[in-house]
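In what follows, a structure is listed as structure tokens, so that the remarks can point back to it.
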DNA sequence: ACCTGAACACCGTTCAAGT
DNA sequence: ACCTGAACACCGTTCAAGT
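Chains as they are written, first to last, in UniProt numbering: chain A, 1 to 275; chain B, 1 to 275.
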């Protein structure tokens, strides 16, 4: 009874892997993890399931492709891999939220405007901002990680962070550690934030972040003070915090650790720190 | 045709939420995320689905309870919350892998044996070791996070880390940042490692980690050198790295960042650092 | 209060058949 | 080579009925 093929294809364009992945991303954006269904997909693309299975092996591969496409866009890459979206114009728009992404109004730092530190922050915020339009991203990243740990997406993130770690002057023996720490922090913080955003939307679609965080910290304040003294102590602090600021502070924390631990001076690259 | 109720209940113990959660953990451990099914559960518990639904609202709640039980055990807590396993003996054993968990043979550090730093490392390794028996844990943590960001599990981890952050002497204004950074790193690194373990087991059940890491770094070396110069450069380094050492190095990196950024000296707690 | 189990709606996937 | 669509196996969940 509902209208079939809600959005007719703009041209007589044949079905392609790119179009399928594009539709998958749209469904995920619109209705979350549960919104991507082969039936919803066939309706949207006006085909049968068999047609989709001719281009894509199964649902996991489709999810991986959707995840890879969004991450690639967030990292501003035009990759040659097959798991990419066809329309870079549309993806570029996705990576650009309402507010300016560029780290314009940032606290005064001692580095030059385009230092490796700044580039790391830019990469991190690229992913951070991508989850605003794609709240399903962190969960899917985790799922893909559990399916194939060194699939296509993780290496891409690792590579872009790693290059800046190298540019930072970290001795080669610590590249892996430093890059891993940064990537792990970014993925962890990004996931937490996606969850906050999603639940803020769910609880009250038109309520703003401040109100949601107030409610969340209220929930924290309701915890047993004997079991959760620390959380109760930071509840007020959480209510007032700004997510982006917090995210940046965490990155700078890791960057400081890398600098302090792996960039002592110019010599003693041969003697790694004690711990 | 298979034997029903493979493990008959030891006593005439009635069905309870605890028994259901326990069986859920066993199924997850045995067959992963896809292994937990209401049909498998009813077979194992020798009941019908309706009986389970009387004790548990739905599958998500069951997964959350299983996740919470394993995390609580890993943190060595006996919580009063309902989402816990009934048999602490069995859970205590789960938290204790074949090798000693206690940070006995660690690199020489400048802190006292039971410093907050050491306690943070112990908490982190508690979670780290838990995923050896429960590879599904990180993914489920991510899923629960996306379902209810400040559910029961995250606060528990946040609380135990946060207390040590406070004990570290971090000024109150930075508690949230410091604890968040640690938790995010731990969750991120833990997830990565669970993925590595799982895929190592999948690729070849009897092959050891070294061989698997060799294969993984081979895969890295197969990447396009133009697109992935950094990953290619660290591929060899990855082959030789020890996971636990790497995990610890990351934690120490964050700890160093916290110390350097938030513990400058005793005064100037009123003037936060520039960045 | 606690449990049973048939039944329902929905899902991913397959495959013989078309063009 | 590419697509169709009925059909299959399986899943989470419900609910009238039992004790």
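Each residue gets a CB set at the ideal place from its N, CA and C atoms; glycine is no exception.
Below-8 Å beta-carbon distance, residue i vs any chain A residue
i	result
residue 268 (chain B)	Here residue 268 (chain B) scores only 46 on pLDDT, less than 50, and its place in the model is too uncertain to base an answer on.
residue 258 (chain B)	yes
residue 166 (chain B)	yes
residue 254 (chain B)	yes
residue 82 (chain B)	The predicted model places residue 82 (chain B) with a pLDDT of 37, which falls under 50 and marks its position as unreliable; any figure quoted below should be read in that light. Chain A contact via Cβ: absent.
residue 155 (chain B)	yes
residue 44 (chain B)	no
residue 102 (chain B)	With a pLDDT of only 38 at residue 102 (chain B), under 50, the local geometry of the prediction cannot be trusted, and no value is derived from it.
residue 16 (chain B)	no
8 Å Cβ cutoff, residue i in contact with chain B
i	result
residue 230 (chain A)	yes
residue 85 (chain A)	Note on residue 85 (chain A): pLDDT 33, under 50, position unreliable in the model; the coordinate value appears next. It does not: the Cβ of residue 85 (chain A) has no partner Cβ on chain B nearer than 8 Å.
residue 67 (chain A)	no
residue 55 (chain A)	no
residue 116 (chain A)	no
residue 189 (chain A)	yes
residue 21 (chain A)	no
residue 63 (chain A)	no
residue 72 (chain A)	no
residue 261 (chain A)	yes
residue 234 (chain A)	yes
residue 25 (chain A)	no
Partners in chain A for residue i, counting only beta-carbon separations shorter than 7 Å
i	result
residue 159 (chain B)	228, 230 and 231
residue 219 (chain B)	150
The alpha helix (DSSP H) enclosing residue i, as first and last residue numbers
i	result
residue 256 (chain A)	243-262
residue 236 (chain B)	229-240
residue 50 (chain B)	49-55
residue 28 (chain B)	17-31
residue 14 (chain B)	Per DSSP, residue 14 (chain B) belongs to no alpha helix (DSSP H) and is neither H nor E.
residue 37 (chain A)	Where residue 37 (chain A) is concerned, there is no enclosing alpha helix (DSSP H), given that its DSSP letter is neither H nor E.
residue 63 (chain B)	59-74
Span separating the alpha-carbon of residue i from that of residue j
i	j	result
residue 46 (chain A)	residue 27 (chain A)	14 Å
residue 185 (chain B)	residue 120 (chain A)	16 Å
residue 250 (chain B)	residue 49 (chain B)	44 Å
residue 236 (chain A)	residue 248 (chain A)	20 Å
residue 142 (chain A)	residue 142 (chain B)	7 Å
residue 87 (chain A)	residue 51 (chain A)	Its pLDDT being 35, under 50, residue 87 (chain A) is placed unreliably in this model, and the value from its coordinates should be taken loosely. The straight-line gap from Cα to Cα measures roughly 21 Å.
residue 164 (chain B)	residue 180 (chain B)	12 Å
residue 20 (chain B)	residue 41 (chain B)	8 Å
residue 260 (chain A)	residue 116 (chain A)	16 Å
residue 23 (chain B)	residue 224 (chain A)	29 Å
residue 195 (chain A)	residue 246 (chain A)	15 Å
residue 192 (chain B)	residue 192 (chain A)	16 Å
residue 218 (chain B)	residue 147 (chain A)	18 Å
residue 54 (chain A)	residue 161 (chain A)	35 Å
residue 32 (chain B)	residue 187 (chain B)	19 Å
residue 38 (chain B)	residue 140 (chain A)	24 Å
residue 35 (chain B)	residue 118 (chain B)	36 Å
residue 134 (chain A)	residue 73 (chain A)	12 Å
residue 58 (chain B)	residue 226 (chain A)	30 Å
residue 299 (chain B)	residue 71 (chain A)	Any property of residue 299 (chain B) remains undetermined from this structure, which presents chain B solely from 1 to 275.
residue 127 (chain B)	residue 152 (chain B)	16 Å
residue 171 (chain A)	residue 167 (chain B)	32 Å
Interface residues of chain A facing residue i [CB-CB closer than 9 Å]
i	result
residue 37 (chain B)	Result: empty, since nearest Cβ-Cβ is about 18 Å, beyond 9 Å.
residue 124 (chain B)	Chain A residues near residue 124 (chain B): none, gap ~12 Å exceeds 9 Å.
Chain B residues whose Cβ lies nearer than 7 Å to that of residue i
i	result
residue 250 (chain A)	177, 180, 181 and 184
Cross-chain neighbours of residue i in chain B, by beta carbon under 9 Å
i	result
residue 138 (chain A)	142, 145 and 146
Partner residues on chain B for residue i, Cβ-Cβ distance less than 8 Å
i	result
residue 241 (chain A)	176
residue 222 (chain A)	What residue 222 (chain A) touches in chain B: nothing, since even the nearest Cβ is about 11 Å away.
Contacts of residue i in chain A (Cβ-Cβ under 8 Å)
i	result
residue 163 (chain B)	229 and 230
Contact test: residue i Cβ vs the ligand ADP heavy atom, cutoff 7 Å
i	result
residue 46 (chain A)	This structure lacks the ligand ADP; in fact it carries no ligand of any kind.
Start-end ranges of the alpha helix (DSSP H) lying completely within the stretch 116-196 of chain A, minimum 4 residues: 116-133, 137-147 and 153-167
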